[in-house]
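Single-structure report; data block below.
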Amino acid sequence: MLLEKIDLRHLSIPLKEPFTTSFETKRHIEHVLVTVSGDGIEGYGECTCNQTPYYINETTGTAWHILSEFIAPYVVGSRIESAADLLNAPRFSSVRGNYFAKAGLELAVQDLLARAKSVSLASMLGGTRRRIESGVSIGVQESAGALFAKIDAFLGQGYKRIKLKIKPGKDYDVLAAVRERFPELPLMADANSAYTLADIPMLRKLDGLHLMMIEQPLHFTDIVDHATLQKELRTPICLDESIHSTEDARKALDLGSCRIVNIKIGRVGGVNEAKKIHDICVSRDIPVWCGGMHEYGIGRAHNIAIASLPGFTLPGDIAGSDKYWREDIVDPPFIVKDGTLEVPEGPGIGVIPVKERVEKYTVAKRTFTI
Ligand code: OSB
Ligand code: MG
Numbered sequence: 000m001l002l003e004k005i006d007l008r009h010l011s012i013p014l015k016e017p018f019t020t021s022f023e024t025k026r027h028i029e030h031v032l033v034t035v036s037g038d039g040i041e042g043y044g045e046c047t048c049n050q051t052p053y054y055i056n057e058t059t060g061t062a063w064h065i066l067s068e069f070i071a072p073y074v075v076g077s078r079i080e081s082a083a084d085l086l087n088a089p090r091f092s093s094v095r096g097n098y099f100a101k102a103g104l105e106l107a108v109q110d111l112l113a114r115a116k117s118v119s120l121a122s123m124l125g126g127t128r129r130r131i132e133s134g135v136s137i138g139v140q141e142s143a144g145a146l147f148a149k150i151d152a153f154l155g156q157g158y159k160r161i162k163l164k165i166k167p168g169k170d171y172d173v174l175a176a177v178r179e180r181f182p183e184l185p186l187m188a189d190a191n192s193a194y195t196l197a198d199i200p201m202l203r204k205l206d207g208l209h210l211m212m213i214e215q216p217l218h219f220t221d222i223v224d225h226a227t228l229q230k231e232l233r234t235p236i237c238l239d240e241s242i243h244s245t246e247d248a249r250k251a252l253d254l255g256s257c258r259i260v261n262i263k264i265g266r267v268g269g270v271n272e273a274k275k276i277h278d279i280c281v282s283r284d285i286p287v288w289c290g291g292m293h294e295y296g297i298g299r300a301h302n303i304a305i306a307s308l309p310g311f312t313l314p315g316d317i318a319g320s321d322k323y324w325r326e327d328i329v330d331p332p333f334i335v336k337d338g339t340l341e342v343p344e345g346p347g348i349g350v351i352p353v354k355e356r357v358e359k360y361t362v363a364k365r366t367f368t369i
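Numbering (numbering that gives the first Met the number 0), first residue to last: 0 to 369.
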């Protein structure tokens, strides 16, 4: 199929509530919606990096720059029959790093290919689940009371596990209070690289709280110190920021840097690489789960498709649309029932963006044609 058009839109949508991590407080989310066209069909993807460079180095602005200056003008007009045709295109494969930027386009092309074959993206990838288990990620809260109220509300909605963001000064005491109040809760913590090996004494105390895992405690590029830390802890370490490829995952597993992997399709450059990381983890009995980046409905649909693969045995950070948005850009929105989300069976990702809503939230657009 001829890739006739690539359309980029920089959107900005307010979050229902601010979200605080160890690195910032976010009030709105700016992602790039990517639409590709060929044979009269459209495919949709989302660049899900943050607008700030505090999670990893990419931002919405760098994704826009890389796609519009270095990729889209050269890739438009290519013949694409499979994902490999995009991934191996010289002006795509030669771009180093910039995983979230490349993923935005890769997702749109994968959706287009699945729609052209009239199959769901989930089944094209080898997905086996009809519903996926849903967890929530809760930002750092001002008080224990506010945190307990949030946990109560999410458990009331059926969510299967709770992840708490932690940072120095808001870590052991907060988690211990939650564990005391919710003794059986499937609970984990995400540090977003806020600690170093000097924090081993505090991190060892977490072993007493039977957490499912601790996510990315150390530096955002590290796999060596994480291996040292994992030897000191009973709690499994899960890597997020440090893993961008199958090779990164292999090296981390060889070193013993983690016992669980968070797979984010944006952070690894798309669903093709995400599936390969899933496969290597399955071959080594390492559980994986799907991470989130406060996706709009398009990115969320892609997350649900990848999370339908058999190795995604732990609930992911894939909550319902109503956790994030007053109005999602897809209709109907994603709704959690009994702590699970349905894997759409329609062609591709199974949802399309609502044009008027996309228009309303657009702050910039660029179109590339043959
Ligand atoms: O570290 O997992 C993270 C959001 C933005 C950037 C990084 C992370 C997160 C989340 C939110 O934890 C997950 C979600 O609900 O989308
Ligand atoms: Mg994380």
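Built from N, CA and C at the ideal position, the CB exists for glycine as well.
Just confirm the distance between the C-beta atoms of residue i and residue j, as a whole number of angstroms; I'd bet it's less than 8 Å.
i	j	result
VAL31	ALA71	The pair is not a contact, with the Cβ atoms about 11 Å apart (cut-off 8 Å).
SER21	LYS166	4 Å
ILE374	GLY291	Any question about residue 374 goes unanswered here, given that the chain covers just 0 to 369.
ARG233	ASP198	About 16 Å separates the two Cβ atoms, so there is no contact after all.
LEU254	ILE222	6 Å
SER241	ALA251	7 Å
GLU23	THR51	6 Å
LYS364	ARG8	5 Å
LEU208	ARG178	5 Å
TRP288	GLY269	Not confirmed; about 18 Å, so no contact.
THR366	LYS101	Not really, about 19 Å apart at Cβ, beyond 8 Å.
LEU124	ALA306	Rounded, the Cβ-Cβ distance is 10 Å, inconsistent with contact.
LEU104	LEU66	6 Å
When we look at the beta-carbon of residue i and count the other beta-carbons within 10 Å, is it buried (16 or more) or exposed?
i	result
HIS225	buried
ARG95	exposed
LEU340	buried
PRO13	exposed
GLY168	exposed
ALA145	exposed
GLU80	exposed
ARG356	buried
THR220	exposed
ASP189	buried
ALA107	buried
LYS359	exposed
LYS263	buried
ALA152	exposed
ASN87	exposed
THR34	buried
ARG299	buried
VAL362	exposed
GLY126	buried
PRO352	buried
ALA176	exposed
LYS322	buried
By how many angstroms is the C-alpha of residue j removed from the C-alpha of residue i?
i	j	result
VAL371	ILE297	Here the chain has residues from 0 to 369 only, and residue 371 is not among them.
MET403	LEU112	Within the shown structure, residues of the chain are numbered from 0 to 369, placing residue 403 beyond reach of any answer.
GLY134	ILE369	42 Å
GLY310	HIS277	6 Å
ILE148	LEU174	Per the sequence shown, residue 148 should be read as Ala rather than Ile. Between ALA148 and LEU174, the C-alpha separation is close to 15 Å.
LEU389	ASN261	With the chain represented from 0 up to 369, any question about residue 389 goes unanswered, as that position is not in the structure.
GLU326	PHE333	11 Å
GLY319	VAL335	5 Å
ASP239	TYR43	25 Å
ALA121	MET0	21 Å
ASN56	ARG266	11 Å
ASN302	ALA83	20 Å
ALA193	SER142	20 Å
PHE69	PRO286	36 Å
ARG249	MET187	24 Å
VAL139	ARG130	29 Å
GLN109	MET212	32 Å
ARG26	ILE137	14 Å
CYS257	GLN229	7 Å
HIS293	PHE91	26 Å
TYR158	GLU132	8 Å
Let's see if you can read the secondary structure: which residues bound the beta strand (DSSP E) around residue i?
i	result
GLU41	40 to 46
LYS4	4 to 10
LYS364	361 to 368
ARG26	24 to 28
LEU124	No beta strand (DSSP E) contains LEU124, which is instead part of the alpha helix (DSSP H) from 120 to 124.
LEU186	186 to 189
LEU340	339 to 341
ARG130	130 to 132
SER92	No beta strand (DSSP E) holds SER92; the alpha helix (DSSP H) holding it covers 89 to 92.
Where do the ends of the alpha helix (DSSP H) carrying residue i lie?
i	result
ASP372	Since the first residue shown for the chain is 0 and the last is 369, residue 372 is missing from the structure and cannot be characterised.
ASP224	223 to 231
MET377	Missing from the structure shown is residue 377; the chain here goes from 0 to 369 and no further.
SER36	From DSSP, SER36 is part of no alpha helix (DSSP H) but of the beta strand (DSSP E) over 31 to 37.
SER320	320 to 323
LEU426	Residue coverage of the chain in this structure runs from 0 to 369, which leaves residue 426 outside it and unanswerable.
Item to complete: Would you list, in sequence order, the uninterrupted beta strand (DSSP E) runs of no fewer than 3 residues that lie entirely inside the segment 253 to 282?
Response: The segment 253 to 282 contains these whole beta strand (DSSP E) runs: 259 to 262.
Worksheet item: Where in the segment 141 to 167 do unbroken runs of the alpha helix (DSSP H), each at least 4 residues long, occur, reported from the N-terminal end onward?
Response: Runs of the alpha helix (DSSP H) inside the segment 141 to 167: 143 to 155.
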